[in-house]
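Colleague:
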Ligand code: ADP
Ligand code: MG
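Residue numbers (full-length UniProt numbering): 36 to 368.
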């Protein structure tokens, strides 16, 4: 059974950045406005992740890493109209199957924080640990996750990872993208051994100022706003105009608040730009889609990076037309 669970976990957690992505989504669901990531060895040795969100009720700690333990789904209809990101209760379980996981959490108006240590989906028994588990400790409001020795029990997965420098880079890249979508959340990332941040964004007013902080003011100066909607979805975003090129393309797609890969849209936009731009060129593209949850299935891919759309062609075509119209204006002016 453990082996099966570990294999299932390996479908959700592919690398340190997948841990961070799951934790990020949970923190945002828990109304965090401040998220701090510190890493040892690009997260391969330690991922320390802190948020200032709602915290977890001590009674919920026992089952926290049980598969399908979720506080976000109470009845089947919820599955169809879910506003939050996660809802399958699989992320923390998966993380606990492939690492050593410590959770320290404190809710508002509570006198204590609680620390709990998990392995293989379960709280490690106090007798085995030699200390109470969970145990009371001091703390501040919010939740800290310490994920150690990722893939210690999956040597093949561990071997397939890139260097810690590259894994670190994936995490920064993820934080950059989330900070665009969540300008009111402050994100930071540093090496655990350093006090200096390698990445930091303050809370700002708008996606545009966030793009400026993270990707550079020269990018924001070249952006065109796009927006369109129907009764079942709406999207808005920013794309670079036709005279501007990055050194490599940057695609940021969010659907209902969650970062996703959207290969078909990526390809369509890339070919639109190369057909419009004489010299070719690498655009910056940020698109945020809000869609009736009944029209998407986020469960096709376990890591939720790919989703299935009922209305995908329609969305892609509408968006392309609206980008094209604006780009033509910018080319001719
Ligand atoms: P899901 O997000 O699908 O519900 P997870 O395994 O990601 O499942 O998380 C399990 C549960 O743990 C969540 O439903 C939530 O109640 C709680 N939780 C996880 N992370 C946090 C956090 N940072 N702050 C508060 N509660 C959290
Ligand atoms: Mg989750």
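Idealized CB from N, CA, C, for every residue including glycine.
1. Determine the direct distance from the alpha carbon of residue 268 to that of residue 327, and round the result to whole angstroms.
2. Using alpha carbons as the reference points, say which of 296, 216, 350, 188 lies closest to residue 38.
3. To the nearest angstrom, report how far apart residue 238 and residue 162 are at their CA atoms.
4. Could you compute how far the alpha carbon of residue 221 sits from the alpha carbon of residue 128?
5. Taking residue 124 as the reference, which of 148, 216, 182, 99 has the closest Cα?
6. Fully enclosed by the UniProt domain "DNA mismatch repair protein S5" (246 to 363), which alpha helix (DSSP H) runs are 4 residues long or longer?
7. Rounded to whole angstroms, what is the Cα-Cα separation between residue 342 and residue 331?
8. So, under 8 Å CB-CB, residue 177 and residue 67 are touching, yes? Tell me the CB distance rounded to an integer number of Å.
9. Using a 10 Å radius around the Cβ and a threshold of 16 neighbouring Cβ atoms, would you call residue 110 buried or exposed?
10. State the DSSP-derived secondary structure class of residue 213, mapped to helix, strand or coil.
11. What's the C-alpha gap between residue 317 and residue 154?
12. Please return the same chain residues whose Cβ sits closer than 7 Å to the Cβ of residue 236, not counting the five positions on each side in sequence.
13. Under the three-state reduction of DSSP, which class applies to residue 244: helix, strand or coil?
14. Could you check what DSSP says for residue 57 in three-state terms: helix, strand or coil?
Modeller: The answer reads as follows:
1. Taking the chain shown and counting its residues from 1, the one referred to as residue 327 is at position 292. Taking the chain shown and counting its residues from 1, the one referred to as residue 268 is at position 233. Straight through space, the alpha carbons of residue 268 and residue 327 are spaced by roughly 6 Å.
2. Indexing the chain shown from 1 puts residue 38 at position 3. For residue 38, the closest of 296, 216, 350, 188 by C-alpha to C-alpha distance is 188.
3. Working through the chain shown from its first residue, we reach residue 238 at position 203. Working through the chain shown from its first residue, we reach residue 162 at position 127. C-alpha separation (whole angstroms): 44 Å.
4. As a first step, residue 221 is located in the chain shown; it is residue number 186 there, counting from the start. As a first step, residue 128 is located in the chain shown; it is residue number 93 there, counting from the start. Residue 221 and residue 128 have their C-alpha atoms spaced approximately 27 Å apart.
5. Along the chain shown, read from residue 1 onward, the residue named residue 124 stands at position 89. Between residue 124 and the set 148, 216, 182, 99, the nearest pair of CA atoms involves 99.
6. Runs found: 252 to 255, 298 to 311.
7. Taking the first residue of the chain shown as 1, we reach residue 342 at position 307. Taking the first residue of the chain shown as 1, we reach residue 331 at position 296. About 7 Å.
8. Taking the first residue of the chain shown as position 1, residue 177 is located at position 142. Taking the first residue of the chain shown as position 1, residue 67 is located at position 32. Between residue 177 and residue 67 a beta carbon distance of about 7 Å is seen, short of the 8 Å cut, so the two are scored as contacting.
9. Counted from its first residue, the chain shown places residue 110 at position 75. Only weak support is given to the placement of residue 110: the predicted model assigns it a pLDDT of 48, under 50, and the question is left unresolved by the model.
10. Taking the chain shown and counting its residues from 1, the one referred to as residue 213 is at position 178. Residue state, collapsed to three classes: helix.
11. Along the chain shown, read from residue 1 onward, the residue named residue 317 stands at position 282. Along the chain shown, read from residue 1 onward, the residue named residue 154 stands at position 119. C-alpha separation (whole angstroms): 44 Å.
12. Walking along the chain shown from the start, residue 236 turns up at place 201. Here the set comprises 214, 221, 222, 245, 248, 249.
13. On the chain shown, position 209 is the one that residue 244 refers to. Helix at residue 244.
14. Counting from one through the chain shown, the residue named residue 57 turns up at place 22. In the structure shown, the three-state DSSP call for residue 57 is helix.
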